[in-house]
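Asks: Protein chains in written order, with my numbering: chain A, 55 to 492; chain B, 55 to 492. Let me give you the structure first, and then I'll get to my questions.
Protein chains: 2
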Amino acid sequence: MEEKRVIPKTLPGFMELLPGEQILFNQMREKIQKSYERFGFLPLDTPIIEYSQVLLAKAGGETEKQIYRFQKGDNDISLRFDLTVPLAKYVSMNYHELTFPFKRYQIGKVFRGEKPQKGRYRELYQCDIDIIGDGELSNIHDAEIPCVIYTTFKELGFDYFTIYINNRKILNGFFEALNITKKSVEILRIIDKIDKIGKEKVEKELQELELSENIIESIMQFILIQGSNEQKIAKLKEMNIQNELYLSGVKELEEVLGYIEALGVPEEYYQVDLKIVRGLDYYTGTVYETFFNDYRSLGSICSGGRYDNLAEFYTDKKLPGVGISIGLTRLFYKLNEQNMIQVKKSSIADVLVVPVDVDVKEGLKIASILRENKINTDVFSSEKKMKAKLKYADKLKIPYVLLVGEEELNTKKFTLKNMETGEQIKDSLEKIIQKIKG
Amino acid sequence: MEEKRVIPKTLPGFMELLPGEQILFNQMREKIQKSYERFGFLPLDTPIIEYSQVLLAKAGGETEKQIYRFQKGDNDISLRFDLTVPLAKYVSMNYHELTFPFKRYQIGKVFRGEKPQKGRYRELYQCDIDIIGDGELSNIHDAEIPCVIYTTFKELGFDYFTIYINNRKILNGFFEALNITKKSVEILRIIDKIDKIGKEKVEKELQELELSENIIESIMQFILIQGSNEQKIAKLKEMNIQNELYLSGVKELEEVLGYIEALGVPEEYYQVDLKIVRGLDYYTGTVYETFFNDYRSLGSICSGGRYDNLAEFYTDKKLPGVGISIGLTRLFYKLNEQNMIQVKKSSIADVLVVPVDVDVKEGLKIASILRENKINTDVFSSEKKMKAKLKYADKLKIPYVLLVGEEELNTKKFTLKNMETGEQIKDSLEKIIQKIKG
Chain A
55 MEEKRVIPKT LPGFMELLPG EQILFNQMRE KIQKSYERFG FLPLDTPIIE
105 YSQVLLAKAG GETEKQIYRF QKGDNDISLR FDLTVPLAKY VSMNYHELTF
155 PFKRYQIGKV FRGEKPQKGR YRELYQCDID IIGDGELSNI HDAEIPCVIY
205 TTFKELGFDY FTIYINNRKI LNGFFEALNI TKKSVEILRI IDKIDKIGKE
255 KVEKELQELE LSENIIESIM QFILIQGSNE QKIAKLKEMN IQNELYLSGV
305 KELEEVLGYI EALGVPEEYY QVDLKIVRGL DYYTGTVYET FFNDYRSLGS
355 ICSGGRYDNL AEFYTDKKLP GVGISIGLTR LFYKLNEQNM IQVKKSSIAD
405 VLVVPVDVDV KEGLKIASIL RENKINTDVF SSEKKMKAKL KYADKLKIPY
455 VLLVGEEELN TKKFTLKNME TGEQIKDSLE KIIQKIKG
Chain B
55 MEEKRVIPKT LPGFMELLPG EQILFNQMRE KIQKSYERFG FLPLDTPIIE
105 YSQVLLAKAG GETEKQIYRF QKGDNDISLR FDLTVPLAKY VSMNYHELTF
155 PFKRYQIGKV FRGEKPQKGR YRELYQCDID IIGDGELSNI HDAEIPCVIY
205 TTFKELGFDY FTIYINNRKI LNGFFEALNI TKKSVEILRI IDKIDKIGKE
255 KVEKELQELE LSENIIESIM QFILIQGSNE QKIAKLKEMN IQNELYLSGV
305 KELEEVLGYI EALGVPEEYY QVDLKIVRGL DYYTGTVYET FFNDYRSLGS
355 ICSGGRYDNL AEFYTDKKLP GVGISIGLTR LFYKLNEQNM IQVKKSSIAD
405 VLVVPVDVDV KEGLKIASIL RENKINTDVF SSEKKMKAKL KYADKLKIPY
455 VLLVGEEELN TKKFTLKNME TGEQIKDSLE KIIQKIKG
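Here it is as structure tokens:
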């Protein structure tokens, strides 16, 4: 046997957790799912593997390099690298069966052959929602998205985060008005660094692009707009830029802010940020990024935006949409590293039944009653010393141990030990069930 | 654009459901997960991709032919084809971090490049539980498994199914005692057909194996043992077979039956069946199959058994285990085809809020209140005719529609329409929340 032995190992860049961490991960995933369902998003589960031709209809550059692509029989197939392309495929394939606006969530693994490094994964969970309209889509849905982000991160136990909102039409229109659209990519790259390098250096770098002093002044004035969301909108209007795209962007942003307010998201959780663009090709209107207030270095924890046409590579139907994605694997890694995971339950079992010097069947019977009462119950059934039994509960962080001994069976009063406090009570099974559940 | 369009399609053999069916599928998956957790099984989530060398340490024949195996960079990698091999890898890798007995569940997709045909899938969900001991494992766990099967299928809404239990030592010992071990494979293949071809044809086929009349009589007597589980055990003992393996198999089976009884599984749900073997190499003790009583043709819906050593290809630790698997993708397909899905909820949203001739913001505010009360709420926010709004609720099978009009806002009494019965009530939001939740 021995000479044939293989060393068991997992590929680098693939997250594989120990049970205690897996419980926390799953709890986060379930909370995200529940939040998405709270808003009526429908579940979707597309295959991990697709025809390469379908998956790569739009892709190019980095995506193609990173994709897991291979041949199986006659088929050129690939592992999905995001959940948006499969959604586009799905909606165009099932257009006649779906009800629009089509609100779907998908939580699943995607695959990217990136160079593995700390905090970067090749297999990663994405948790996506998108709302797809048939021909048109009200921008009320652009407001629904931040409300979902707010609800989800609150549900995950976080209190200090901010959703930054912009509308790409504003920046694009602004550049149009100044007639500097050709330089917009470079300008945005510079602007994006203002938090790190400061105002002066931004101005200096803009000068290197050979923009006039007037234009640089306009840009600086624009990106430094401060104040409440309302004040920012007012200032954007005051700037008196007569560009159609700009004006329609400002109008949309104002409307979206109004709907977010109606949805009851507290104002400290969302903020207009005119610098946000989220990539340059894909999004066409509202865009979002989300940061922990005290941990901006973690990067955006939830991003997305509005796009004009989801599936133009597959269909001539116009399918505008808006959506976001939470990269759960990366987020979990970062939170875990910073000791920031807020979810509480760290055991699957609520109680461990421990038979003490009685037939183990007595323990099994008690366990069945607890399970009928929807209590997750494990039984320690090996004949070991009490210390070993309690150690099992301790290592699995099971909050309660229920002792079943001769005396307990005679008196019908059972001993429940709280593993955290050490407190022991003796009571009827009915009372103990209430105690564990409460 | 048009000339570049790609036809959106999904690979054959890959299940991709419409939202209504996906809701049912997910509900089944969640019920299975909850049942597994009820018994304290810990979650595990191993990568979809592994080193081929690790995944194929034990495999051969069909498995190697069916596996999705490919090269990425320098790595020879494969998609997992079951959840047992990754478990073996995981336990041997993390042996020192795990608490034994290690009870884990894993629900995830596995990949098999089978020839796609009706009801056969290349990407399929398996829902596995296993209990792994360190060196030894009490057969109380062999009894825990049928209790999990019972609980799970009851939870899924089924009442008429039977878990068939055997112990491979009994048959193997029986063959040893008769000195016909060499022909056991052929004998089992013939025995297995008795339900289809009948007693006489089985006898005839056994004769073709050149077995003596005495031996054939013993075999027939053995496989035709009838009666309650207790009676079967008694008859196995009465057969007076003096073979160590046989006797230890009978003893184990008797003990396991005793523990299953203690766990409260009603006797009509489990039955000793001496013909069951579940493949010839892997299992070493207790084995299980589960059938719907009235749909035996669907095949076993949940199978598994006890094995002596989980991970001998990776470690010299002896890791005995017992486990089962539910092939959810196939099961769902078959149940759906037979119209046998018992789960009820077919909508994600509990209610659709419909603003009627009022600012949609009023609807958004009501929706937020409902969501705070843990009611899954969708809002119909486009300006459409009432008929279109109700059609949306109807198509998504949303059970309630909440109308928000001028009068409702003034009187604070809202109209709730039950979409199934057509019944309408008008009441305070508080009462309506209770109504929807109840």
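Cβ coordinates follow ideal geometry from the N, Cα and C atoms, glycine included.
The beta strand (DSSP E) spanning B:Ser496 covers which residue range?
Replies: The structure shown does not extend to residue 496 of chain B, since chain B spans only 55 to 492, so no value can be given for it.
Asks: Short check: CB of B:Ser89 to CB of B:Thr205, under 8 Å?
Replies: Working through the second sequence from its first residue, we reach residue 89 of chain B at position 35. Working through the second sequence from its first residue, we reach residue 205 of chain B at position 151. Yes, the pair counts as a contact, with Cβ atoms nearer than the cut-off.
Asks: Taking only the alpha-carbon atoms, compute the straight-line gap between A:Glu477 and A:Leu444 and give it to the nearest angstrom.
Replies: Residue mapping note: residue 477 of chain A aligns to position 423 of the first sequence, counting from 1. Residue mapping note: residue 444 of chain A aligns to position 390 of the first sequence, counting from 1. Their backbone Cα atoms lie some 14 Å apart in a straight line.
Asks: Taking buried to mean at least 16 other C-beta atoms within 10 Å of its own C-beta, is A:Glu484 buried or exposed?
Replies: The residue you call residue 484 of chain A lines up with position 430 of the first sequence. With fewer than 16 Cβ atoms within 10 Å of its Cβ, A:Glu484 is classed as exposed.
Asks: May I have the straight-line CA-CA distance separating A:Lys449 from B:Thr153, to the nearest angstrom?
Replies: Translated into the one-based positions of the first sequence, residue 449 of chain A becomes position 395. Translated into the one-based positions of the second sequence, residue 153 of chain B becomes position 99. Distance between the alpha carbons of A:Lys449 and B:Thr153 is about 7 Å.
Asks: Which word fits A:Lys441, buried or exposed, when buried means at least 16 other C-beta atoms lie within 10 angstroms of its C-beta?
Replies: For the purposes of this step, residue 441 of chain A is taken as the residue at position 387 of the first sequence. So A:Lys441 counts as exposed.
Asks: Applying a beta-carbon distance threshold of less than 7 Å, which residues of chain B neighbour A:Gln171?
Replies: As a working note, residue 171 of chain A is residue 117 in the first sequence. Near A:Gln171 there are no residues of chain B at all, since even the closest Cβ is about 15 Å away, more than 7 Å.
Asks: Quick one: residues in its chain with C-beta nearer than 7 Å to the C-beta of B:Ile490, no 5 flanking neighbours on either side, listed in chain order?
Replies: Within the second sequence, numbered from 1, the residue matching residue 490 of chain B stands at position 436. Closer than 7 Å at the Cβ level, and outside the excluded window around B:Ile490, lie Asp404, Val405, Ile429, Tyr454.
Asks: Could you check whether the segment 362 to 372 of chain B touches the segment 141 to 148 of chain B, counting it as contact only if at least three pairs of C-beta atoms, one from each stretch, sit closer than 8 Å?
Replies: Yes: at least three Cβ pairs fall under 8 Å.
Asks: Where does B:Gly252 fall in DSSP's three states?
Replies: Residue numbering aside, residue 252 of chain B sits at position 198 when the second sequence is read from its first letter. Looking at B:Gly252 - three-state DSSP - the assignment turns out to be helix.
Asks: Indicate whether at least one CB of chain A lies closer than 8 Å to the CB of B:Ile288.
Replies: The residue you call residue 288 of chain B lines up with position 234 of the second sequence. Residue identity check: residue 288 of chain B is Ala in the sequence provided, not Ile. For B:Ala288, the answer is no, since every Cβ of chain A falls outside 8 Å of its Cβ.
Asks: Evaluate A:Leu291 with the Cβ neighbour count: other Cβ atoms within 10 Å of its Cβ, from every protein chain shown; 16 or more gives buried, anything less gives exposed.
Replies: The sequence position of residue 291 of chain A within the first sequence is 237, counting from 1. A small correction: the amino acid at residue 291 of chain A is Lys; Leu does not occupy that position in the sequence shown. The residue is exposed, with fewer than 16 neighbouring Cβ atoms inside 10 Å.
Asks: Using only alpha-carbon positions, find the residue among A:Phe434, A:Tyr337, A:Val407 that is nearest to A:Ile423.
Replies: In the first sequence, the residue the question calls residue 423 of chain A occupies position 369. Ranking the options by Cα distance to A:Ile423, first place goes to A:Val407.
Asks: Measuring straight from C-alpha to C-alpha, what distance separates B:Gly127 and A:Gln125?
Replies: The residue labelled residue 127 of chain B in the question sits at position 73 within the second sequence. The residue labelled residue 125 of chain A in the question sits at position 71 within the first sequence. Whole-angstrom Cα-Cα distance: 15 Å.
Asks: Using three-state DSSP, classify B:Tyr361 as helix, strand or coil.
Replies: Mapped onto the second sequence, residue 361 of chain B falls at position 307. Three-state DSSP puts B:Tyr361 in a strand.
Asks: Does the CB of A:Tyr336 have a neighbour CB from chain B at under 8 Å?
Replies: The sequence position of residue 336 of chain A within the first sequence is 282, counting from 1. No, A:Tyr336 lies away from the interface with chain B (no Cβ there is under 8 Å from its Cβ).
Asks: State the Cα-Cα distance for the pair B:Lys208 and A:Val310, rounded to the nearest angstrom.
Replies: To locate residue 208 of chain B, count along the second sequence from 1; it is residue 154. To locate residue 310 of chain A, count along the first sequence from 1; it is residue 256. So the two alpha carbons sit approximately 47 Å from each other.
Asks: Pick helix, strand or coil for A:Asn80, following the three-state DSSP scheme.
Replies: Taking the first sequence and counting its residues from 1, one reaches residue 80 of chain A at position 26. The answer is helix: DSSP assigns A:Asn80 an H, G or I state.
Asks: Let's see if you can read the secondary structure: which residues bound the alpha helix (DSSP H) around B:Ser146?
Replies: Taking the second sequence and counting its residues from 1, one reaches residue 146 of chain B at position 92. Start and end: 138 to 147.
Asks: Roughly how many whole angstroms lie between the Cα atoms of A:Pro62 and A:Phe165?
Replies: Taking the first sequence and counting its residues from 1, one reaches residue 62 of chain A at position 8. Taking the first sequence and counting its residues from 1, one reaches residue 165 of chain A at position 111. About 22 Å.
Asks: Check for me: the alpha helix (DSSP H) holding B:Ser401 runs from which residue to which?
Replies: Numbered from 1 along the second sequence, position 347 holds the residue referred to as residue 401 of chain B. Here B:Ser401 belongs to no alpha helix (DSSP H), and DSSP marks it neither H nor E.
Asks: Going along the chain, which residues of its own chain have a beta-carbon closer than 8 Å to the beta-carbon of B:Phe68, five neighbours each way excluded?
Replies: Position 14 of the second sequence, counting from 1, holds the residue named residue 68 of chain B. Hits under 8 Å: Tyr175, Arg176, Glu177.
Asks: Does the Cβ of A:Gly189 have 16 or more other Cβ atoms within 10 Å, making it buried, or fewer, making it exposed?
Replies: Stepping through the first sequence from its first residue, residue 189 of chain A is reached at position 135. By the 10 Å Cβ count, A:Gly189 comes out exposed.
Asks: Using the beta-carbon count (16 or more within 10 Å), is B:Glu56 buried or exposed?
Replies: Counting from 1 along the second sequence, the entry for residue 56 of chain B is found at position 2. Any reading at B:Glu56 must be qualified, since the residue scores a pLDDT of 46, below 50, and its modelled position is unreliable; the value itself is stated next. Exposed, since its Cβ has fewer than 16 Cβ neighbours within 10 Å.
Asks: Would the segment 318 to 328 of chain A and the segment 291 to 301 of chain A be scored as touching if the rule is three or more Cβ pairs under 8 Å?
Replies: No, they do not touch.
Asks: Which of the three DSSP states, helix, strand or coil, is assigned to B:Cys356?
Replies: In the second sequence, residue 356 of chain B corresponds to position 302, counting from 1. Coil at B:Cys356, not helix or strand.
Asks: Once you ignore the five residues that flank A:Thr117 on each side, which residues in its own chain have a CB closer than 8 Å to its CB?
Replies: As a working mapping, residue 117 of chain A is identified with position 63 in the first sequence. The residues are Leu110, Phe135.
Asks: Mind checking if B:Asp432 is an interface residue toward chain A, Cβ cutoff 8 Å exclusive?
Replies: Working through the second sequence from its first residue, we reach residue 432 of chain B at position 378. Yes, because at least one Cβ of chain A sits closer than 8 Å to the Cβ of B:Asp432.
Asks: Is DSSP giving A:Arg176 helix, strand or coil here?
Replies: Along the first sequence, one-based indexing puts residue 176 of chain A at 122. In this structure, A:Arg176 counts as coil in the three-state DSSP scheme.
Asks: Using a Cβ cut-off of 8 Å (strictly closer), state whether A:Met493 contacts chain B.
Replies: With chain A covering only 55 through 492, there is no way to say anything about residue 493 of chain A.
Asks: Report the three-state DSSP secondary structure of B:Glu343 (helix, strand or coil).
Replies: Residue numbering aside, residue 343 of chain B sits at position 289 when the second sequence is read from its first letter. Residue state, collapsed to three classes: strand.
Asks: Would A:Met55 count as contacting chain B if we go by Cβ distances under 8 Å?
Replies: As a working note, residue 55 of chain A is residue 1 in the first sequence. Caution applies to A:Met55, whose pLDDT of 45 falls short of 50 and renders its modelled position unreliable; the value that the coordinates give is listed next. By this cut-off, A:Met55 is an interface position.
Asks: To the nearest angstrom, how far is it from the Cα of B:Val326 to the Cα of A:Asn80?
Replies: By one-based count along the second sequence, residue 326 of chain B stands at place 272. By one-based count along the first sequence, residue 80 of chain A stands at place 26. B:Val326 and A:Asn80: Cα-Cα distance of roughly 37 Å.
Asks: Which residues of the segment 415 to 443 of chain A have a Cβ closer than 7 Å to any Cβ of chain B? Give them in chain order.
Replies: Within the segment 415 to 443 of chain A, the residues whose Cβ lies closer than 7 Å to some Cβ of chain B are Lys415, Leu418, Lys419, Ser422, Arg425, Asn430, Thr431, Asp432, Ser435, Ser436, listed in chain order.
Asks: Specify the secondary structure class of A:Tyr159 as computed by DSSP and reduced to three states.
Replies: Counted from its first residue, the first sequence places residue 159 of chain A at position 105. The answer is strand: DSSP assigns A:Tyr159 an E or B state.
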